[in-house]
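Novice: Converting from the sequence shown to our numbering requires adding 10 to each position, the first position being numbered 1.
What follows is a structure written as structure tokens; I'll ask about it next.
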Amino acid sequence: MARDEQLKERWEVLQKKISNQFADGELMDLDAIIYIIGVQELGQPHRKFKKDHKLDLMHIAICRLLEPYGYYEFDFFDDDGWPHYKTIEQLPVLKAGEQSVLMKEAIVQYFIEKEYIL
11 MARDEQLKER WEVLQKKISN QFADGELMDL DAIIYIIGVQ ELGQPHRKFK KDHKLDLMHI
71 AICRLLEPYG YYEFDFFDDD GWPHYKTIEQ LPVLKAGEQS VLMKEAIVQY FIEKEYIL
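This is how it looks when you write it as structure tokens:
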């Protein structure tokens with residue numbers, strides 16, 4: 011199976027599974043899934059977040075997702091338990107479609123590592 015086809019198939023499986031778990035089956039988009047990852051990485055799943063914190067959670071998720079690609083490295087937890095990352099390498103300039111593919115690939119890998127999907 012071609013790599014792109016495998017990614018597409020895994021993404022659809024993941025999107026459906028996570029949407030069933032968190033959105034009563036309503037298909038969650040890329041940003042919503044990134045947000046869920048941020049909440050998981052923070053480790054405070056039952057807390058309600060304000061808009062500013064939602065953006066921070068997405069940033070945490072993006073850093074965590076791109077860490078295996080060498081763009082970010084975990085640095086420390088602050089006094090409130092929020093993880094902080096440092097930039098190791100600047101992200102290359104990508105077209106919107108390329109960004110989407112990179113993030114989907116990173117998300118699929120994240121959930122494979124967490125044994126949420128195969």
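For glycine and all other residues, C-beta sits at the position ideal for the given N, C-alpha and C.
This one's a predicted model, so the numbers in the text were calculated from it and none came from an experiment.
In chain order, what residues of the same chain lie with their CB nearer than 8 Å to the CB of Ala-116, ignoring the 5 residues before and after it?
Specialist: For the purposes of this step, residue 116 is taken as the residue at position 106 of the sequence shown. Hits under 8 Å: Leu-75, Leu-76, Pro-78, Tyr-79.
Novice: Looking at the structure shown, is Lys-105 part of a helix, part of a strand, or coil, going by DSSP?
Specialist: Numbered from 1 along the sequence shown, position 95 holds the residue referred to as residue 105. DSSP places Lys-105 in coil when its eight states are reduced to three.
Novice: Report yes if the CB atom of Ile-70 is closer than 9 Å to the CB atom of Tyr-95, and no otherwise.
Specialist: Numbered from 1 along the sequence shown, position 60 holds the residue referred to as residue 70. Numbered from 1 along the sequence shown, position 85 holds the residue referred to as residue 95. Yes, the Cβ-Cβ distance between Ile-70 and Tyr-95 is below 9 Å.
Novice: Which same chain residues end up closer than 6 Å to Pro-55 when comparing Cβ atoms and leaving out the 5 residues on each side of it in sequence?
Specialist: The residue given as residue 55 occupies position 45 in the sequence shown. Within the same chain, Pro-55 has close Cβ partners Val-49.
Novice: Would you list the residues sitting across from Glu-83 in a DSSP beta bridge?
Specialist: Here the question's residue 83 lines up with position 73 in the sequence shown. Residue pairing by DSSP places Glu-83 opposite Lys-96 in a beta bridge.
Novice: Does Lys-124 come out as helix, strand or coil in the three-state DSSP assignment?
Specialist: For the purposes of this step, residue 124 is taken as the residue at position 114 of the sequence shown. Of the three classes helix, strand and coil, the one that applies to Lys-124 here is coil, per DSSP.
Novice: Taking just the CA atoms, how far does Arg-57 sit from Leu-112?
Specialist: Residue mapping note: residue 112 aligns to position 102 of the sequence shown, counting from 1. Residue mapping note: residue 57 aligns to position 47 of the sequence shown, counting from 1. The alpha-carbon atoms of Leu-112 and Arg-57 are separated by roughly 29 Å.
Novice: For the alpha helix (DSSP H) containing Phe-32, list its first residue and its last residue.
Specialist: The sequence position of residue 32 within the sequence shown is 22, counting from 1. 13-32 is the extent of the alpha helix (DSSP H) around Phe-32.
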